[in-house]
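To start, the structure under review is shown below, and the notes come after it.
Residue numbers (our numbering), protein chains in the order written: chain A, 20 to 123; chain B, 2 to 111.
In structure tokens, the structure reads:
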């Protein structure tokens, strides 16, 4: 288990060198949906909106995504990101750059 | 006719909710956007699984049964079948959780 939620089973790691992952983001809340749907979200680790998780491309995960397809956004990516990397992605452009650090 | 005690619908009947039957053009636009978002998710899954030459029952069944947004007729996008309604159709907003469920096909002929 890496920093972000990644579950790479042993056989899926060995049979394919170029592994790809689903990047799943919960965009719509599961509140008020059937228990089974909410359970799938919980199983995927999507507890809050805008939470992003990574899972290897397997039929099991695909089936889970199909259950919650109206609530999530999915991308196929080459490697999972950690929570710190995801946070870095969201950091806005500061609007300046340092030419040279001034001595203090 | 005028005044504080005029017999309006809400005063004589108590609770009165007026829900417009039709969706506005903005609501319809958002409905189409949601439909396309689901299509994108399914397409992404299908593409990712096809690369590994895996097929999943859920995805295959969806592709077989459900039309994509561009294939749907407007009638199916914004209204749903109801046997109790006049002309057998009611606005899709009457469907509980209609922004978060997939309701695309209706009985043929209605």
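Ideal placement from N, C-alpha and C gives every residue a C-beta, glycine not left out. None of the values given here were measured: they were computed from a predicted structure.
Less than 8 Å between the CB atoms is what I'm expecting for residue i and residue j, so what's the real figure, rounded?
| i | j | result |
| --- | --- | --- |
| residue 78 of chain B | residue 28 of chain B | With 8 Å as the limit, residue 78 of chain B and residue 28 of chain B do not qualify as a contact, their Cβ atoms being about 11 Å apart. |
| residue 42 of chain A | residue 77 of chain A | Contact flag wrong, Cβ pair sits at about 14 Å. |
Using a Cβ-Cβ cut-off of 8 Å (strictly less than) and excluding sequence neighbours within five positions of residue i, which residues of its own chain qualify?
| i | result |
| --- | --- |
| residue 86 of chain A | 55, 56, 59 |
| residue 93 of chain B | 24, 32, 78, 79, 80, 81, 99, 104 |
| residue 70 of chain B | 33, 36, 37, 40, 78 |
| residue 57 of chain B | 46, 50 |
Can a CB atom of chain B be found closer than 8 Å to the CB of residue i?
| i | result |
| --- | --- |
| residue 73 of chain A | no |
| residue 85 of chain A | yes |
| residue 21 of chain A | Caution applies to residue 21 of chain A, whose pLDDT of 45 falls short of 50 and renders its modelled position unreliable; the model cannot decide the point. |
Note down, in chain order, every chain A residue with its Cβ under 7 Å from the Cβ of residue i.
| i | result |
| --- | --- |
| residue 101 of chain B | 47, 52, 89, 90 |
| residue 55 of chain B | 78 |
| residue 39 of chain B | 88, 89 |
Using 8 Å as the threshold, is the C-beta distance between residue i and residue j below it?
| i | j | result |
| --- | --- | --- |
| residue 69 of chain A | residue 44 of chain A | yes |
| residue 64 of chain B | residue 47 of chain B | yes |
| residue 91 of chain A | residue 45 of chain B | no |
| residue 59 of chain B | residue 64 of chain A | no |
| residue 89 of chain A | residue 102 of chain B | yes |
| residue 49 of chain B | residue 39 of chain A | yes |
| residue 84 of chain A | residue 42 of chain B | yes |
| residue 99 of chain A | residue 115 of chain A | no |
Residue i touches chain B at which residues, Cβ-Cβ below 7 Å?
| i | result |
| --- | --- |
| residue 94 of chain A | 45 |
Could you confirm whether any beta carbon from chain A is found closer than 8 Å to the beta carbon of residue i?
| i | result |
| --- | --- |
| residue 98 of chain B | yes |
| residue 112 of chain B | Only positions 2 to 111 of chain B appear in the structure, and residue 112 of chain B is not among them; the question remains open. |
| residue 49 of chain B | yes |
| residue 106 of chain B | no |
| residue 42 of chain B | yes |
| residue 93 of chain B | no |
Keeping to the same chain, check which residues put their C-beta closer than 6 Å to that of residue i; ignore five residues upstream and five downstream.
| i | result |
| --- | --- |
| residue 90 of chain B | 80 |
| residue 47 of chain A | 90 |
| residue 30 of chain A | Its pLDDT being 49, under 50, residue 30 of chain A is placed unreliably in this model, and the value from its coordinates should be taken loosely. Nothing meets the Cβ criterion. |
Give the interface partners of residue i over in chain B, defined as CB-CB distance under 9 Å, in chain order.
| i | result |
| --- | --- |
| residue 82 of chain A | 57, 58, 59, 60 |
| residue 138 of chain A | Residue numbering for chain A in the displayed model covers 20 to 123; residue 138 of chain A lies beyond these limits and cannot be assessed. |
Determine the chain A residues that contact residue i at a beta-carbon separation under 9 Å, and present them in chain order.
| i | result |
| --- | --- |
| residue 63 of chain B | 85, 88 |
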